[in-house]
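To start, the structure under review is shown below, and the notes come after it.
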Amino acid sequence: MIPFRKNLIDGEWVGDAGSRNINPSNLDDVVGEYASGDAEQARQAIAAAKAAFPAWSRSGLLARHAVLRKASDEITARKDEIGRALAREEGKTLVEGIGETVRAAQIFDFFAGETLRLSGELVPS
4 MIPFRKNLID GEWVGDAGSR NINPSNLDDV VGEYASGDAE QARQAIAAAK
54 AAFPAWSRSG LLARHAVLRK ASDEITARKD EIGRALAREE GKTLVEGIGE
104 TVRAAQIFDF FAGETLRLSG ELVPS
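Encoded structure:
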């Protein structure tokens, strides 16, 4: 049985009856079932992100680094699983799916490193 995935908005899992994600290379293969968000849920998600932004802005460099590194590490640890899902869902080859997953982890890792780089310019006005 395929689990039904809801949307996380402001710490709450919400969603309607949802929709099915069909494998484009095999229309009989249901890849997943996901909640469909409506316009009101989009507004709620935007409001929650805006409300969370000040706290994120006040967080230190090491805290931001840790969040992005954790994302990179989790993606890397699950690269085969995520790569298989991408291959199945998007009709990619397995090598492409895993490669895309590894690249996503590398991007998170790069930007984790950027949080620790103190640089900038002061331009006289």
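Under our numbering, the sequence shown has 27 at position 24, and the numbering climbs by one with no breaks. Each residue gets a CB set at the ideal place from its N, CA and C atoms; glycine is no exception. These numbers come from a predicted model, not from an experiment.
Measuring only the C-alpha atoms, how far is residue i from residue j?
{"i": "Asn10", "j": "Ser128", "result": "45 angstroms"}
{"i": "Glu92", "j": "Asn26", "result": "5 angstroms"}
{"i": "Gly100", "j": "Ala108", "result": "13 angstroms"}
{"i": "Thr96", "j": "Ala90", "result": "5 angstroms"}
{"i": "Ser29", "j": "Leu64", "result": "It should be noted that the sequence gives Asn, not Ser, for residue 29. Taking the straight line from one Cα to the other gives about 46 angstroms."}
{"i": "Ile49", "j": "Asp32", "result": "33 angstroms"}
{"i": "Val126", "j": "Gly40", "result": "44 angstroms"}
Comparing C-alpha positions only, which one of the options sits nearest to residue i?
{"i": "Val34", "options": "Ala88, Gln44, Ala50", "result": "Ala88"}
{"i": "Phe111", "options": "Arg120, Arg72, Asp83", "result": "Arg72"}
{"i": "Glu13", "options": "Ser122, Arg120, Phe114, Ala52", "result": "In the sequence under discussion, the amino acid at residue 13 is Asp, which differs from the Glu named in the question. Of the candidates Ser122, Arg120, Phe114, Ala52, the one whose C-alpha sits nearest the C-alpha of Asp13 is Ala52."}
{"i": "Lys82", "options": "Val98, Arg67, Val70", "result": "Val98"}
Could you have a look at residue i and say whether DSSP puts it in helix, strand or coil?
{"i": "Gly116", "result": "helix"}
{"i": "Gly123", "result": "coil"}
{"i": "Asp83", "result": "helix"}
{"i": "Gly35", "result": "strand"}
Span of the alpha helix (DSSP H) holding residue i?
{"i": "Leu65", "result": "64-80"}
{"i": "Ser22", "result": "Segment 22-26 is the beta strand (DSSP E) holding Ser22; no alpha helix (DSSP H) there."}
{"i": "Lys6", "result": "Checking the sequence shown, residue 6 turns out to be Pro, not Lys. Where Pro6 is concerned, there is no enclosing alpha helix (DSSP H), given that its DSSP letter is neither H nor E."}
{"i": "Lys95", "result": "Run containing Lys95: none; DSSP gives neither H nor E here."}
{"i": "Gly60", "result": "The sequence given here has Ser at residue 60, not Gly. Residues 42-61."}
In the DSSP assignment, find the beta strand (DSSP E) that holds residue i and state where it starts and stops.
{"i": "Ile12", "result": "10-12"}
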